[in-house]
Each structure stands twice: as C-alpha cells, then as structure tokens.
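> In the UniProt record's numbering, the protein residues as written are 1 to 584. We treat Cβ as the ideally placed atom computed from N, Cα and C, and that holds for glycine.
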Amino acid sequence: MAKKDRKNNKKTTTTTTTADDESVHSQFEKMRLNEFTATGTLTSKEASRDIKIEQVTLTFHGRELLSDTTVEINFGRRYGLIGSNGCGKSTFFQCLAVRELPIPQHIDIFHLSEEAHPSERTALQSVIDDAEKEVKRLDELSEKLLIEEGPESEELMDVYERLDALDPSTFVPRASEILIGLGFTKETMLKKTKDLSGGWRMRVSLAKALFIKPTLLILDEPTNHLDLGACVWLEDYLSRYDRSLVVISHSQDFLNTVCTNIIHMKSGKLVYYTGNYNTFVKTKAELEVNQMKAYHKQQEEIAHIKSFIASCGTYANLVRQGKSKQKIIDKMEEAGLVEKVVEEKRYNFSFPPCDELAPPIMHFDNVTFSYSGKEQDVLYRDLDLAIDLDSRVALVGPNGVGKSTLLKLMVDQITPTKGMIKKHGHLKIARYHQHAAEALDLNMTPLDFVKQKFSHIQKDTEEWRREIGRYGITGKDQTNLIGCMSDGIKSRLIFCLMGLENPHLLLLDEPTNHLDMECIDALADAINDFPGGMVLVSHDFRLISQVAQEIWVCDKKTITKWNGGIDKYKEMLKRDMKAQASQV
C-alpha cells in the first residue's frame with residue numbers, strides 16, 4: 001500500500017505480509033526496511049550527474065533518523081557511509097534505492113539487496129543477459145535523447161560512452177573475469193543459478209552490478225558473502241570505479257582502499273569528509289579538539305558576562321550595562337552556541353573467566369569428513385590437530401573448502417565420516433554463526449528473552465539490564481521487540497548470550513558482518529581478555545590481525561599452518577588474484 005502527497009513530495013510505503021506466505025523473519029525485515037517517510041528538495045541541476053538534495057528528513061517508525069540535512073553525492077567519487085549500529089544506514093540506502101528522495105530519473109541506480117533469481121540460466125549467462133538488457137535500454141535512451149535534446153546533449157554523450165564500454169564482443173571474457181574475481185571457477189560459473197546457494201547467487205547479483213556500472217552503485221556490506229581472496233579482488237576493482245559509489249562496510253581495510261570520501265551518519269545529520277577512513281579518523285579528532293576549545297572559550301565568556309550582570313544590582317547605569325551584556329548572550333544563542341562534543345558510545349564486551357582444563361581441550365584424530373559419505377565428496381582427509389585454552393586460531397581459505405564445516409564438527413552438529421574428535425569432559429563451547437539470529441524470538445524483547453533463556457540464573461531485572469547493557473543494548477532497546485531491531489543490535493545480543501554460557505572455547509563464524517567499527521574493536525578487546533580458546537572464521541583482515549596468533553589455511557582437503565601473519569597472506573592473495581585475472 002502506498003500513499004503519495006504531491007504537494008510536499010512525501011511518500012510513505014507500508015508493506016503488509018502474513019505468516020502464510022512469508023516467514024516471521026522476512027516480515028520483520030520488510031517492516032524494518034520499508035516503513036519510512038522521506039522528504040527533501042533537489043538543488044543540483046536536473047541534468048547533472050551530481051546529486052545534491054537539501055532539507056532532507058528521514059523518519060522510520062516515528063523515529064527521526066535524519067533531520068534537515070543534506071545528501072550530496074558527486075559523480076566519480078566513492079563514499080563510505082559509516083555510523084553506529086541502528087542509526088539507520090541501511091534504511092537510508094533503501095530510501096535512495098526506491099527514489100523516496102527526488103533523484104533525477106536519468107541517474108540509474110543499482111542497490112545490491114537481493115540474490116540473483118534461481119533459474120535454468122548459468123551464473124555467466126545471467127550476467128551477460130543483464131548486460132544485453134542494459135545495452136538495449138541505453139540504445140533506446142540514446143534515440144530518445146537525440147530527438148529531444150539533440151546531439152550536443154551531455155547526457156547523450158555519457159550514454160554513448162557507456163555503450164562503447166559495453167561492447168558485446170567482450171561480454172564473455174569480461175563477465176568471466178568478474179565472476180572469477182568474486183570466487184567462481186571456470187566450472188562453477190557454468191552452474192545453473194538454481195543450483196547455487198544464496199551466498200553464491202548474491203555474488204552473481206554483485207557481478208551484474210559491477211559489469212553494467214550504473215551511475216549510482218549502492219552496496220550494503222558487499223563483502224559479507226565473500227572469502228578473503230574475493231574481498232581483496234573487490235577492494236581493488238572498486239578502487240577504480242569511475243562513476244558514483246556509496247558503500248557500507250565494517251572493514252577499515254576495505255574503506256581505506258576503496259573510498260575517496262566518508263559520510264558520517266550521526267545525530268540525525270550527514271557529515272562529509274574528504275579522504276579514506278584513516279583520514280576521516282584523523283580529521284574528525286582534530287575538528288573535535290578545536291570544537292572543544294571553542295566550546296570552553298565560549299562558555300567561559302558567557303559565565304563572565306553572567307557574573308557581571310549579577311553584580312550590577314539596582315543602580316540605573318549598571319542596569320543599562322547589564323541589559324547591554326544580556327543582549328550579547330542573546331545574540332550568541334540566536335546565532336547558535338558551540339556544541340559540546342558528544343563522545344561515541346564505547347562498548348565493554350566481555351566473556352567471563354573460565355575454569356582451567358588440561359590440554360588439549362579438543363583433538364582431531366585422523367578425521368575425514370564428507371557430507372554424502374562418498375570418497376569423491378571428501379572435504380577433509382586425515383586431519384590431526386589440537387586446540388587448547390590458549391589457542392587463538394583464524395581459519396582462512398576459499399569459500400566452499402569447509403571452514404564453517406570444521407566449526408560444525410567441533411560442536412557435534414555433524415559427525416566425522418572417519419576418525420574421532422576427542423573433547424575434554426567439562427568443555428563448554430559458545431558459537432557465533434551467520435544464522436545465529438534465527439534462534440532469537442523476534443516477538444520478545446531482549447530483556448524478556450534473556451531472562452527466559454537463562455531462567456536458571458538468579459538475577460533481578462536491574463542485574464539483567466546491566467548484563468545486556470554491557471553489550472551496548474541500553475535504554476529502550478532492551479524493551480523493544482527484537483524483530484524491529486537492526487542486525488547489528490541482534491548480533492550484540494547473541495554475544496551477550498554467548499557470554500552467559502560461560503564457555504571455555506569461542507567459535508566465531510563471520511562475527512563482524514553486522515557490527516560497526518566500535519563494536520568490532522570491543523569484540524577484539526573481549527577476545528584478547530578472554531582466558532579460553534578461540535577459533536575464528538572472518539573476512540575482516542583487521543580483526544584477524546588483532547586477535548589471531550595462528551593462521552590455519554583450509555584448502556585441498558587438509559589444514560596447514562601459515563608461516564607468517566595475515567598481512568603476508570593478503571599479499572599472497574593479491575598476487576594470486578592478479579594471476580587468475582591475467583589467465584582470463
């Protein structure tokens with residue numbers, strides 16, 4: 001259902017679903033992304049490829065995410081959108097993608113939000129088919145512009161440039177290069193999309209966007225479904241994207257390599273910085289120091305003036321001076337006082353101390369595993385490895401080689417085809433994985449859910465509030481429905497649940513996918529302070545560098561220890577990706 005008010009350019013979109021045709025998770029996701037209202041005034045030229053929209057307001061479920069701010073996206077720039085979990089970044093992206101704000105129609109937008117449709121077409125053919133549709137669209141547009149605006153039209157020149165770049169004779173090698181960069185092999189790119197998992201279909205969707213190169217490309221955590229090699233390739237590819245790009249990413253490495261500008265979404269405003277993420281951090285710190293100096297100077301001046309006014313008494317000449325001084329304060333307030341810098345939320349994640357256990361706490365004794373049980377499908381063969389309380393291991397390797405499978409073996413979700421996994425009798429394991437949020441009851445509040453799940457622990461309500469609050473879930477967030485919360489807040493709730501399990505071993509499968517920078521740093525600190533063991537699967541190079549003491553490479557049906565740090569491994573991946581690209 002959609003209602004439109006033409007007078008104020010305001011559109012409200014409401015989606016209604018039932019449990020019969022969609023899951024509860026999917027209903028909440030649609031509610032979270034679609035029930036918003038946005039207004040704004042386009043101030044850039046209608047024909048320009050730059051976008052400037054002023055007086056932007058964005059409201060979600062009655063909560064104002066943006067208020068009287070400016071959206072500015074200049075052609076050829078690559079923006080990283082950052083902000084705390086729950087501030088509304090994904091909702092803002094959805095707002096841009098469906099043109100709730102007055103974005104000129106000639107600016108084509110691609111928002112990576114859903115997987116490629118499962119069909120009989122191969123991954124390669126899906127990308128090529130979309131490219132052919134784009135060529136047809138541009139051909140029709142060029143004819144229309146030639147008639148309506150003539151051969152001197154700037155927009156027509158841009159269309160001609162794009163048509164030249166989309167040369168049909170190059171479709172197969174160029175589409176193949178992108179797919180291989182994103183982790184496909186020559187064999188898997190010829191698989192039908194209906195036979196691919198959701199994560200691989202998402203890569204197909206990303207490949208389509210990269211191939212057609214829209215005027216405005218919007219990517220929300222594009223590395224979430226990628227392995228480290230594909231992340232390295234995508235960083236390099238997007239660092240050369242010459243149209244307009246806005247991306248949300250929790251990876252500092254990614255933002256540093258890709259972005260020319262940073263947009264900070266904070267306190268209902270969009271604040272713009274030139275440079276990559278490291279430059280943003282430095283510039284923001286310098287600005288805040290200067291702001292605090294100006295704030296203290298102004299407050300001292302106001303206090304001095306007020307002190308003088310208070311000392312004037314009732315003498316006529318002094319009363320006149322007092323009124324004159326009061327006018328100075330009034331003018332300062334009218335112009336806007338310098339605001340005190342509000343520090344970003346600091347999270348204090350922690351996993352409780354655990355009992356000492358004799359090593360090894362887990363031992364793989366000649367473990368072989370195959371999902372089908374058949375020899376030709378073996379993922380691991382004859383694994384012999386041990387994990388202790390002091391283990392700090394990062395598992396790396398291409399997608400599909402069995403990193404998540406190894407964690408499933410550790411928690412007995414699956415059992416070895418051959419061999420044994422021996423564990424200490426008192427070992428307690430807490431596991432984070434990409435589908436952990438599905439275990440949350442979306443119709444409960446975090447406070448009620450935690451109290452119910454750990455009803456055997458005697459704590460009063462205030463103690464439970466403090467327990468949840470340590471993971472950055474505070475105030476109203478504790479009593480709002482879990483289903484209406486951002487993925488980042490759900491992730492923090494899962495870490496809270498893991499801590500309450502009082503584990504000896506943490507198994508973390510892509511824990512950063514929905515966390516902001518501050519949360520990732522807090523998680524790293526918590527892992528480093530934890531006295532137990534840890535096994536990590538992550539595509540975040542920075543987190544790996546912060547917490548891992550060993551790198552285990554999963555590939556070719558075995559696990560080998562990498563001789564060196566994650567930086568050397570990244571350099572090796574870059575060389576391999578370039579070699580693969582040159583072969584294509």
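#1: Could you give the distance in angstroms between the alpha-carbon of Lys423 and the alpha-carbon of His296?
#2: Would the stretch 259-270 and the stretch 59-68 be scored as touching if the rule is three or more Cβ pairs under 8 Å?
#3: What are the boundary residues of the beta strand (DSSP E) that includes His111?
#4: Roughly how many whole angstroms lie between the Cα atoms of Leu96 and Thr41?
#5: Within 8 Å, do at least three Cβ pairs link the stretch 77-93 to the stretch 153-165?
#6: Using 8 Å as the threshold, is the C-beta distance between Leu357 and His426 below it?
#7: Note down the Cα distance separating Gly198 from Ala123, rounded to an integer number of angstroms.
#8: Express the C-alpha separation of Leu507 and Cys354 in angstroms, rounding to a whole number.
#9: Report, in whole angstroms, the separation of the C-beta atoms of Val247 and Pro222, which I expect to be a contact under 8 Å.
#10: What is the C-beta distance between Gly532 and Leu505, in whole angstroms, given that I count them as a contact (C-beta under 8 Å)?
#11: Give the DSSP-derived three-state secondary structure of Gln55 in the structure shown.
#12: Please specify which runs of the alpha helix (DSSP H), each continuous and at least 4 residues long, are wholly inside the stretch 160-238, giving them in chain order.
#13: Cβ of Lys194 within 8 Å of Cβ of Pro118?
#14: Of all the options Met517, Gly419, Ile520 and Ile107, which has the alpha carbon lying nearest to the alpha carbon of Lys45?
#15: Counting along the chain, where does the beta strand (DSSP E) carrying Arg78 start and finish?
#16: Applying the 10 Å Cβ sphere with the 16-neighbour rule, what's the burial state of Gln299?
#17: Can you look up Arg575 in the DSSP assignment and give me helix, strand or coil?
#18: Excluding the 5 residues preceding and the 5 following His514 in the sequence, name in chain order all residues of the same chain whose CB lies nearer than 6 Å to its CB.
#19: When the Cα of Ala522 is compared with those of Arg77, Ala386 and Asn348, which residue comes out closest?
#20: Tell me which same chain residues have a C-beta within less than 6 Å of the C-beta of Asn74, skipping the five on either side of it?
#21: Taking the alpha carbon of residue 585 as the reference point, which residue from Gly469, Cys496, Leu58 and Gly80 has its own alpha carbon closest?
#22: What is the residue span of the beta strand (DSSP E) that Tyr347 lies within?
#23: Please state whether DSSP places Gln546 in a helix, a strand or coil.
#24: How far does the beta strand (DSSP E) with Leu508 in it reach, from first residue to last?
#25: Measure the CB-CB distance between His539 and Cys259 and report whether it falls below 8 Å.
#26: Thinking C-beta only, is Phe449 closer than 8 Å to Ile482?
#27: Could you give the first and the last residue of the continuous beta strand (DSSP E) run that contains Ile430?
#28: Could you give the residue range of the beta strand (DSSP E) that holds Phe36?
#29: If you compare alpha carbons, which of Tyr237, Gln55, Val411 and Val56 is closest to Lys574?
#30: Does Ser307 pass the burial test, meaning 16 or more other C-beta atoms within 10 Å, or should it be called exposed?
#31: Alpha carbon to alpha carbon, what distance is there between Lys186 and Ile180?
#32: Hey, how far is the Cα of Ile147 from the Cα of Leu138?
#33: Expressed to the nearest angstrom, what Euclidean distance is found between the alpha-carbon atoms of Thr445 and Lys428?
#34: Name the residue from Thr257, Asp253 and Asn276 whose alpha carbon lies nearest to the alpha carbon of Ile263.
#35: Among the candidates Asp516, Lys556, Asp441 and Ala394, whose CA atom is the shortest distance from the CA of Gln376?
#36: Compute the distance between the beta-carbons of Val396 and Ile520, then report whether it is under 8 Å.
In brief:
#1: One-based indexing of the sequence shown puts residue 423 at position 423. One-based indexing of the sequence shown puts residue 296 at position 296. Cα to Cα, the separation comes out at about 60 Å.
#2: yes
#3: Residue mapping note: residue 111 aligns to position 111 of the sequence shown, counting from 1. Here the beta strand (DSSP E) through His111 covers Ile109 to Leu112.
#4: To locate residue 96, count along the sequence shown from 1; it is residue 96. To locate residue 41, count along the sequence shown from 1; it is residue 41. Answer to the nearest angstrom: the Cα atoms are 14 Å apart.
#5: no
#6: Your numbering for residue 357 matches position 357 in the sequence shown. Your numbering for residue 426 matches position 426 in the sequence shown. Taking 8 Å as the Cβ cut-off, Leu357 and His426 qualify as a contacting pair.
#7: For the purposes of this step, residue 198 is taken as residue 198 along the sequence shown, with counting starting at 1. For the purposes of this step, residue 123 is taken as residue 123 along the sequence shown, with counting starting at 1. Whole-angstrom Cα-Cα distance: 12 Å.
#8: Here the question's residue 354 lines up with position 354 in the sequence shown. Here the question's residue 507 lines up with position 507 in the sequence shown. Roughly 15 Å separates the two Cα atoms.
#9: In the sequence shown, the residue the question calls residue 247 occupies position 247. In the sequence shown, the residue the question calls residue 222 occupies position 222. That belief holds up - the Cβ atoms of Val247 and Pro222 are roughly 7 Å apart, short of 8 Å.
#10: Here residue 532 corresponds to residue number 532 of the sequence shown, with the count starting at 1. Here residue 505 corresponds to residue number 505 of the sequence shown, with the count starting at 1. At roughly 6 Å, the Cβ-Cβ gap stays under 8 Å, so Gly532 and Leu505 are in contact.
#11: Position 55 of the sequence shown, counting from 1, holds the residue named residue 55. Strand, per DSSP.
#12: 171-181, 198-212 and 228-238
#13: Here residue 194 refers to the residue found at position 194 of the sequence shown. Here residue 118 refers to the residue found at position 118 of the sequence shown. Yes; because the gap between Cβ atoms is below 8 Å, this pair is in contact.
#14: Position 45 of the sequence shown, counted from the first residue, corresponds to residue 45. Here the closest residue by C-alpha is Ile107.
#15: Position 78 of the sequence shown, counting from 1, holds the residue named residue 78. Arg78 to Ile82 is the span of the beta strand (DSSP E), which, as asked, contains Arg78.
#16: What you label residue 299 is simply residue 299 of the sequence shown in a count that begins at 1. By the neighbour-count rule (16 or more Cβ atoms within 10 Å), Gln299 is not buried but exposed.
#17: By 1-based counting over the sequence shown, the position of residue 575 is 575. Residue state, collapsed to three classes: helix.
#18: As a first step, residue 514 is located in the sequence shown; it is residue number 514 there, counting from the start. Answer for His514: Asp487, Gly488 and Ser491, listed in chain order.
#19: As a first step, residue 522 must be located in the sequence shown, where it is residue number 522. Answer by Cα proximity: Asn348.
#20: To locate residue 74, count along the sequence shown from 1; it is residue 74. Excluding residues within five positions, the ones whose Cβ falls inside 6 Å are Asp50.
#21: It is not possible to answer for residue 585, since the shown part of the chain is limited to 1 through 584.
#22: On the sequence shown, residue 347 is found 347 positions in, with the first residue counted as 1. Here Tyr347 belongs to no beta strand (DSSP E), and DSSP marks it neither H nor E.
#23: Within the sequence shown, residue 546 is the residue found at index 546, counting from 1. If DSSP states are grouped into helix, strand and coil, Gln546 belongs with the helices.
#24: Here residue 508 refers to the residue found at position 508 of the sequence shown. From DSSP, the beta strand (DSSP E) with Leu508 extends over Leu505 to Asp509.
#25: Translated into the one-based positions of the sequence shown, residue 539 becomes position 539. Translated into the one-based positions of the sequence shown, residue 259 becomes position 259. Contact: no.
#26: To locate residue 482, count along the sequence shown from 1; it is residue 482. To locate residue 449, count along the sequence shown from 1; it is residue 449. For Ile482 and Phe449, yes; Cβs fall inside 8 Å.
#27: Here residue 430 refers to the residue found at position 430 of the sequence shown. Sequence inspection shows Ala at residue 430; the Ile mentioned does not correspond to that position. Ala430 -> beta strand (DSSP E) spans Ile429 to Tyr432.
#28: Working through the sequence shown from its first residue, we reach residue 36 at position 36. Its beta strand (DSSP E) spans residues Phe36 to Leu42.
#29: As a first step, residue 574 must be located in the sequence shown, where it is residue number 574. Here the closest residue by C-alpha is Tyr237.
#30: Residue 307 sits at position 307 when you count from the first residue of the sequence shown. Ser307 comes out exposed.
#31: Position 180 of the sequence shown, counted from the first residue, corresponds to residue 180. Position 186 of the sequence shown, counted from the first residue, corresponds to residue 186. Taking the straight line joining both Cα atoms gives about 7 Å.
#32: The sequence position of residue 147 within the sequence shown is 147, counting from 1. The sequence position of residue 138 within the sequence shown is 138, counting from 1. Between Ile147 and Leu138, the C-alpha separation is close to 14 Å.
#33: Residue 445 sits at position 445 when you count from the first residue of the sequence shown. Residue 428 sits at position 428 when you count from the first residue of the sequence shown. Cα to Cα, Thr445 sits roughly 27 Å from Lys428.
#34: Taking the sequence shown and counting its residues from 1, the one referred to as residue 263 is at position 263. The option with the nearest alpha carbon to Ile263 is Asn276.
#35: Here the question's residue 376 lines up with position 376 in the sequence shown. Among Asp516, Lys556, Asp441 and Ala394, the Cα nearest to that of Gln376 belongs to Lys556.
#36: Translated into the one-based positions of the sequence shown, residue 396 becomes position 396. Translated into the one-based positions of the sequence shown, residue 520 becomes position 520. Against a cut-off of 8 Å, the Cβ pair of Ile520 and Val396 comes out as no contact.
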